[in-house]
Amino acid sequence: MRPRLKTPTRWLLLAATAPLAATAAQADSGTTGYGGPGNVLNPTAQVMNRARDNDGLSIIDDVTRTPTGLMYPVPFRTPEMTQSKGDPDWWTQGWFEAGIMGTFGQDSRSAALNEYGDWKNGFTVTGLGFSAENRKTALHASAYGQNLGRTDQYYQVDVGRYGVFDLQAYFDSIPHTFSTTAKSLWDGAGTGNLTLRGGLTPGASTPAQVNAVAAAVGPSTLRILREKAGSALTYTADEHTELFLKISDERRNGTQPISATFGYPFQNGATQLIQPIHYQTVDVTGGVRYKEQNFQANLAYAGSFFRNDILDLTWQNPGLTSNTAAGAYIPQTGRLSLAPNNDYHTVKGDLAVQLSPASRFTASLSYSLMRQDDELQAPTTGGGLVTSGANTINLGQWNSASALSQPTANAAINILNAVAQYHYTVSPDLGLTVEVRDRDEANRTNYVAYNPQTGQYGYIAIDGGLAPFIPSLSGIYRANTPGSLVQIRNMPFANNDLQVTAKAAYRLDTHWKLDLSYENDIIDHTVREIADANDNIARLQVSTSGYEWGTAHLSYEFARRIGSDYQSNPYTPYYSSALPGYIPATPAGDPAFALADLRKFDVANRTEHVLRGQANYILSPRSDLQLTGSVKVDEYDAAYGLRSTHAFDVTTAYTYQMSAATTLTGYFTYQNQDRGVANINATGAGTSGAAGGPGYPLANGWTETVGSDNYTVGLNAHHSWGVISLNADYTFTRASTAIDYAFASTGAFFNSLTPAQAGASFPDITYDSHALQTDVRWQMSEELSYRLYYRFNYERVVDFHYTGLTAGAINNNTYLGVIPENYTVQTIGLLVQYVF
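Going by the numbering used here, the first residue of the sequence shown is number 618, and it counts up by one from there.
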């Protein structure tokens, strides 16, 4: 297993020297840098915590506005740098903030509270750092850290000379907590091998035994810690040329829940497991940028290399099953293939040329390679004989690499992207743009599921768990059995996309502007229900600015996607039905692969309307009102499948700046989305996929509507009494999702419930959150300040999916007991900051 780097110092040293040790790779316009600091105690990502500057941005007025008319927020106060007495050319600044913090209340260990942050109690160093610059030689250096020693810590070092070179190295750590209540039936959590605890027998445990072990096991935390180190080097060789190299190394270590099964829930059941995460991703970009007065060009390389230390997860099966016949096969072990190692390479070149004062041409060309060639896993881990209908499967002939047609994946995808754009300014009031984008994707992966030992096509389905119940789903093709339909090849999905866009921007007068665009998108699909499609998109936008009352924008977009004839089953070449000698289930053929009138939404014909609006109102010299909203309607030409989605959102925000010392901001957001789906439960009879036929009787039809409403209210207040200031934030969020359904008869759900039991809806899923944060600062002197920090958090999720869910056995399924972890907590901290 790849060891974890123990200290941020080692990460930083490694990151800082990597660009210097690397060969001079000269390529890229992409980036692999990191966005910078930020965590639960520093959501605004400040390098150091600072008070607001009561002087504002201007010496003329403490209230200033953006070009769109909105007021600038009150800036943060930046301490002055100190001139060195020993060397007057150097100016320096340093800071340090530390204190005591404590979180208490109901469920302060909640996974939801600690999902991406570290709220542990005790002494904390929230920030420290220094910066220095030589105002004669332009040399500079800086370093800082935040939340030192915690799981959400951040560090950065930067050295260089302004205008010549810059070398930056950083280390960032972010936790992701999934659960603190998980109870595992297995030993070995965090490894690739899970063995049942004492009291359980692989393939022969009872629900009572499973529940007894689950009750005796203490809760454990499922969490991933993501640690990322990186560096970036830029060097300006001359006034025309700049070289750059960026490298990052990201490690993810920990555990998370994952599910597996040996059959349907009412057969061998589902099992919730603990997945080990030991990932490493190395990203490298490098390139050269060249510029002249009327010409710019970049040449770049970007590579991403993912490695997983644990490529598969093997676990012992408790053995809960409904197959109680004597000698019945119950898998004792199972195996999941986890994320494979893979590589990504891309080379990209782009250029921009100012052809004349009125015309500009830009273009880019890139070629990408994606590769994955890990060793393939054997179809099963089991052994022995499985009775599957009239046949017997010898798992001993399927549990080694000898049962595979090739030893490694040999998966490959190549992508070519080309973009060209020409812009011409006809007049100061009119500009025209034409753009062409072409994307060609070639999926060169080719795998045939064939066992040389048995001479059979196919792949053992879920370790043989389905074979005793439904022989046709064993995963093995039997040439002499009518209707033995199994997948025998991978499906090389790929898309080619050609977009042509024309745009016009016309200024009607000094205040009004009109933007028009039309886009034609031609899409060619490989191995999809639609071979090709045309998506036509027209946009119209009207904007106004320069008025004393503010600015406004209103846009409308219409899109119509029309594809070729829809084929319900384009997958025949990848199934056993394509093999010579295949025998259909009946003389008339096989049951329909899918409902003929069902449409998959991503390729179905679709009509889309989008209306967006935004207005910024200057209510007074010291107050603003902002309104934004959108409506989006998607209607699909589908009687079955996803038929429509409707989305609506509106936001209003009010800002009042009495002065730079006193500000008030409030906002309200509402979002609504509705989605409608319809389908027919298949019977497996007949060969026709037509709605209303024997295979899809209308009596088995059902519809579902999902509607969600989200509300968010936020308030922020800031006031300064000279050396004492108060900042308070409050946010309330409520989300509700309703799922309603209707059915023609109980055949829609296999007649497993009566109409009264089925009802017409599920209970609503709701989410409520309150967050209040206050920060009182006492600026005792220019150098010393104290902060009293207080935070109140409340979160509650009510989701019927988790009702009654506990660790242990439910029917034939086993669960870890991972459920939403609601909480009500408070955090108090006293912090001291010293600037020098």
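The C-beta atom is built at its ideal place from N, Cα and C for all residues, glycine as well.
All figures in this text were calculated on a predicted structure; none of them were measured in a lab.
Taking 7 Å as the cut-off, decide whether the C-beta atoms of Ala1150 and Arg1178 are in contact.
yes
In whole angstroms, give me the CA-to-CA distance for Ile1356 and Asn1410.
28 Å
Within-7 Å CB hit, Val1414 to chain D
Absent from the structure: chain D. Only one protein chain is present.
His1128 burial status per 10 Å Cβ neighbour count (16 or more: buried):
exposed
Can you tell me which of the three DSSP states Asp1152 falls into?
strand
With a CB to CB cut of under 6 Å and the five nearest residues on each side skipped, what residues in its chain are close to Asn1333?
Thr1282, Asp1346
Residue burial classification, His1418 (beta-carbon count within 10 angstroms, cutoff 16):
exposed
From Asp1241, His1226, Ser1240, Thr1272, residue whose alpha carbon lies closest to that of Phe1265:
His1226
Proximity winner among Glu844, Glu732, Ala849, Gly734, relative to Arg869 (alpha-carbon distances):
Glu844
Pro874, DSSP secondary structure in three states
strand
Kindly identify the DSSP beta-bridge partner or partners of Asp1346.
Asn1333, Gln1390
Does the segment 1238-1257 come into contact with the segment 1208-1222, if we say contact requires no fewer than three beta-carbon pairs (one atom in each stretch) closer than 8 Å?
yes
If you draw a straight line from the C-alpha of Val1117 to the C-alpha of Asp1138, how long is it?
7 Å
Tell me, please, whether the segment 1279-1296 touches the segment 1317-1328 by the rule of three or more beta-carbon pairs shorter than 8 Å.
yes
Does the distance from the CB of Val1452 to the CB of Trp712 come in under 7 Å?
yes
Residue of Gly1446, Leu1448, Leu1433 minimising C-alpha distance to Ala887:
Leu1433
Excluding the five sequence neighbours on either side, which residues of its own chain have a C-beta within less than 6 Å of the C-beta of Pro996, listed in chain order?
Trp1015, Ala1020, Tyr1076, Ile1077
In terms of residue numbering, what span does the beta strand (DSSP E) encompassing Ala799 cover?
782-799
Shortest alpha-carbon distance to Ile1436 belongs to which of Gln663, Thr794, His757, Tyr787?
Thr794
Beta-carbon spacing of Val1415, Thr720 below 7 Å
no
Three-way DSSP call (helix, strand, coil) for Pro893 in this model:
strand
Beta strand (DSSP E) containing Ala821: first to last residue?
Here Ala821 belongs to no beta strand (DSSP E), and DSSP marks it neither H nor E.
On the CB-based measure, 16 or more other CB atoms within 10 Å of its CB, does Glu750 come out buried or exposed?
buried
In this structure, how does DSSP classify Ser973 when only helix, strand and coil are distinguished?
strand
Sequence-distant residues of the same chain with beta carbon closer than 6 Å to Ser981, five excluded per side
Asp967, Val1036
Rounded C-alpha distance that separates Ala969 from Thr681
35 Å
Beta-carbon gap between Thr963 and Ala919 smaller than 7 Å
yes
Whether or not the segment 1166-1177 and the segment 1230-1245 are in contact is what I'm after, with contact meaning three or more pairs of Cβ atoms, one per stretch, closer than 8 Å; do they touch?
yes
Assuming contact is defined by CB atoms lying nearer than 7 Å, are Val1486 and Phe1110 in contact in what I supplied?
Residue numbering for the chain in the displayed model covers 618 to 1453; residue 1486 lies beyond these limits and cannot be assessed.
Endpoints, the alpha helix (DSSP H) within which Gln1374 is located
1372-1375
For Arg1408, report the span of its beta strand (DSSP E) as first-last.
1401-1415
For Asp735 and Leu756, what's the separation of their Cα atoms in angstroms?
36 Å
Among the residues of its own chain, which have a CB less than 8 Å from the CB of Pro1314, if the five just before and after it don't count?
Ile1297, Thr1300, Gly1364
How long is the line joining the alpha carbons of Gly650 and Ser848, rounded to whole angstroms?
For Gly650, the pLDDT reaches just 43, beneath the cut-off of 50, and the residue's location in the model is therefore unreliable, leaving the point undetermined.
Continuous beta strand (DSSP E) stretch holding Gln1038: start and end:
1028-1044
By the 10 Å Cβ neighbour count, where 16 or more other Cβ atoms means buried, how is Lys965 classified, buried or exposed?
buried
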